[in-house]
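One structure is given below, encoded as C-alpha cells.
Residue numbers (the numbering used here): 2 to 244.
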C-alpha cells in the first residue's frame with residue numbers, strides 16, 4: 002500500500018483561504034476568543050480587538066482626509082471672496098492713478114504686506130503723480146525680468162538684488178521673498194510684484210492660479226483706463242545689461 006503524500010500548508014495558503022472565505026470566523030466564533038495577536042505594547046490582544054484597532058485607525062485617516070478637503074474648500078472660498086472684493090474695488094476707480102492706489106490697498110489687505118509694486122512698461126503720455134509707475138520699453142533694467150516677461154508666468158521665491166532694488170527701492174533689503182507677476186498682453190505690458198519680509202511668504206511650491214487671476218482682473222481695469230492703448234513691444238533679450 003502506497004503511503005499518502007504529506008502536503009505542507011504555508012502561510013500564503015492560509016491567507017488565500019481566509020481571503021476566499023471571509024465568513025470563516027463567523028462560523029468559528031470560539032476561535033476568535035482564544036486567538037491572540039502581538040501588540041506593540043508587548044501584550045497580546047484578541048483578533049476582535051485588533052480589528053477594532055484597525056477600524057479606528059482607518060476612521061482617523063478618513064477624518065484627516067475630510068478635514069484637509071474642508072480646509073481646501075474654505076481656502077478656495079476665501080480666494081473667491083478676495084477676488085470678488087478686488088473686482089469691486091477696481092471697478093470703483095475712475096482713473097489710472099486710482100486703479101493703482103486701490104490695487105495696492107487690496108493686495109496689502111490680502112497678503113498682509115505693504116510691499117506692493119507695479120510698473121507699466123510704456124512711456125507716460127501725460128505728466129502724472131505716478132511718474133514712478135512707468136518704465137520705458139527700452140530700459141535696460143527690464144532684463145532683470147527677462148524670464149518672467151518671456152514666459153508670462155508668475156515667479157514666487159527670493160528675488161535677485163537687482164529685482165528687489167528696482168521694485169521696492171529703499172525697502173529692498175527687507176524683502177526676503179516675493180511674487181513677480183508679469184502682465185503681458187497686446188494692449189498693455191506691466192509687472193506686478195508683492196514682497197514679503199518672510200522668506201517663506203512666497204516660495205516655489207506655491208500655486209500661481211490665484212496670482213494669475215489677480216493679474217487678469219487688474220490688467221482688465223488698467224487697459225480700460227490706460228492713456229496709451231498700444232504700448233511699444235518689449236524685447237528684453239536684444240540688448241544686454243551691465244550689472
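Every residue, glycine too, gets a C-beta built ideally from N, C-alpha and C.
Hey, out of the options, whose CA is closest to residue i's CA?
i, options, result
"residue 152", "13, 212 and 183", "183"
"residue 139", "192, 149, 155 and 124", "124"
"residue 119", "24, 22, 208 and 219", "219"
"residue 80", "215, 56, 23 and 114", "215"
"residue 1", "108, 85 and 131", "It is not possible to answer for residue 1, since the shown part of the chain is limited to 2 through 244."
"residue 185", "32, 148, 176 and 11", "148"
"residue 146", "70, 110 and 168", "168"
"residue 90", "222, 227 and 226", "222"
"residue 115", "194, 77, 226 and 66", "194"
"residue 143", "171, 98, 190 and 113", "190"
"residue 135", "105, 98, 113 and 28", "98"
"residue 133", "188, 150, 192 and 78", "192"
By the three-class DSSP mapping on this structure, what secondary structure does residue i have?
i, result
"residue 220", "helix"
"residue 61", "helix"
"residue 196", "strand"
"residue 182", "strand"
"residue 203", "coil"
"residue 170", "helix"
"residue 108", "helix"
"residue 213", "helix"
"residue 17", "helix"
"residue 29", "coil"
"residue 93", "coil"
"residue 100", "helix"
Output needed for residue i: all residues of its chain with C-beta closer than 8 Å, excluding positions within five of it in sequence on either side, in chain order.
i, result
"residue 178", "157, 158, 159, 160, 196, 197, 199, 200, 201, 202, 203 and 204"
"residue 244", "A caution first: residue 244 carries a pLDDT of 30, below 50, which makes its placement in the model unreliable, though a value can still be read off. Excluding sequence neighbours, residue 244 sits near 163."
"residue 23", "none"
Which same chain residues, not among the five before or five after residue i, have their C-beta less than 7 Å away from its C-beta?
i, result
"residue 240", "With a pLDDT of only 36 at residue 240, under 50, the local geometry of the prediction cannot be trusted, and the value read off the model is given with reservation. Once the five neighbours on either side are set aside, the close Cβ partners of residue 240 are 141."
"residue 155", "180, 181, 182, 209, 212 and 213"
"residue 2", "Residue confidence for residue 2 is low, a pLDDT of 48 falling below 50, so the modelled location carries little weight; the figure read from the coordinates is stated next. Hits under 7 Å: none found."
Using DSSP bridges, identify the partner residues of residue i.
i, result
"residue 120", "192"
"residue 133", "Partner(s): none; residue 133 has no beta bridge."
"residue 208", "Beta-bridge pairing links residue 208 to no other residue."
"residue 158", "179"
Are any of the Cβ atoms in chain D nearer than 7 Å to that of residue i?
i, result
"residue 74", "Chain labels in this structure do not include chain D; a single protein chain is all it has."
Which residues in the same chain have their Cβ closer than 6 Å to the Cβ of residue i, if we skip the five residues on either side of it in sequence?
i, result
"residue 60", "none"
"residue 94", "100 and 103"
Assuming residue i contacts residue j (C-beta within less than 8 Å), just tell me the rounded distance between them.
i, j, result
"residue 108", "residue 122", "19 Å between Cβ atoms; not a contact."
"residue 75", "residue 111", "Actually they do not touch by this definition, with Cβ atoms about 16 Å apart."
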